[in-house]
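Quick note on numbering: the sequence shown equals residues 16 to 211 in the numbering used here.
Backbone N, C-alpha and C fix where the C-beta goes; we use that ideal spot for every residue, glycine too.
Report on the following structure.
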Amino acid sequence: MLTEAARAWLDNALAEATARLPAWESRFTAAGRHCGQDHADTARLRLLAAARADPATLNRLYRHGSSAERRAVLLALPSLVTGPDALPLVEDALRTHDTTLLAAALGPYAATHLPAHLWRHAVLKCLFTAVPVDAVAALDRRASGDPELARMLRDYAAERTAAGRPVPADLHRVLALALGPARPWPAGQSPTEQES
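And the structure:
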């Protein structure tokens, strides 16, 4: 729960964001200091929504932001960007070794827009960085009936076994999905290049 001072700060920051005053972006950066780390994501998401941040603004905040600020931008994508314009941010996050960014990048925006090839590699990266696959939005639908994903998972499991290392438990869950029947996406919601 926010303190009275933090609530007042956030109310002012939201007013600035709604009016699109230039200062709102510095408020976005300062949210952790004023609202506390436990509430920083929520505060930043509210600021982005109030400002109706466009892809150019999101890109700027992401590129110049801390890990926490980048995570907030990634979490905001589904509500602020309707098309694939923000995919470069997701792709950048998937290249990092920051597991909080990896988890945030694989939310609903990636489920809809990330091409199949990159999505499969992102799932595999979750397995070898110990990010729970529960973080992957629409996993059941995107993984279902995907023979290429099944092949990649089997290869990874074989490498781990040959090296005397344990196979992540989540791998078996995803493999079962990949070996099952494909689940059709509702009309208009199919991810880009779903099963290439």
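- The C-alpha of residue 132 is placed about 18 angstroms away from the C-alpha of residue 118.
- Sixteen is the threshold: when 16 or more other Cβ atoms of the shown chains lie within 10 Å of the Cβ of residue 49, as they do, the residue is buried.
- In the structure shown, residue 17 adopts coil according to DSSP, grouped into three states.
- Taking a cut-off of 8 angstroms on C-beta distances, the stretch 73-86 does not touch the stretch 24-37, as fewer than three cross pairs fall below it.
- Taking a C-beta distance under 8 angstroms as the contact criterion, residue 51 and residue 83 do not qualify as a contact pair.
- Put simply, the stretch 171-182 does not touch the stretch 148-159. Fewer than three CB pairs are less than 8 angstroms apart.
- In this structure, DSSP gives residue 156 a helical state, which the three-state scheme calls helix.
- Positions of the alpha helix (DSSP H) runs, each at least 4 residues long and wholly inside the stretch 29-57, are given as 39-50 in order along the chain.
- Cβ atoms of residue 25 and residue 58 come within 8 angstroms of each other, at about 6 angstroms.
- When rounded, the separation of the alpha-carbon atoms in residue 29 and residue 185 is 40 angstroms.
- In this structure, the CA atom of residue 38 is about 15 angstroms from the CA atom of residue 61.
- Residue state for residue 81 is assigned as coil, using DSSP reduced to three classes.
- Distance between residue 97 and residue 129, taken at the CA atoms: about 13 angstroms.
- Rounded to whole angstroms, residue 158 and residue 164 show a C-alpha spacing of 7 angstroms.
- A direct Cα-Cα distance of roughly 15 angstroms separates residue 65 from residue 55.
- With fewer than 16 neighbouring CB atoms inside 10 Å of its own CB, residue 162 falls in the exposed class.
- Within a 10 Å sphere around the beta-carbon of residue 40 sit 16 or more other beta-carbons, which makes this residue buried.
- Going by DSSP, residue 191 is part of the alpha helix (DSSP H) stretching over 184-194.
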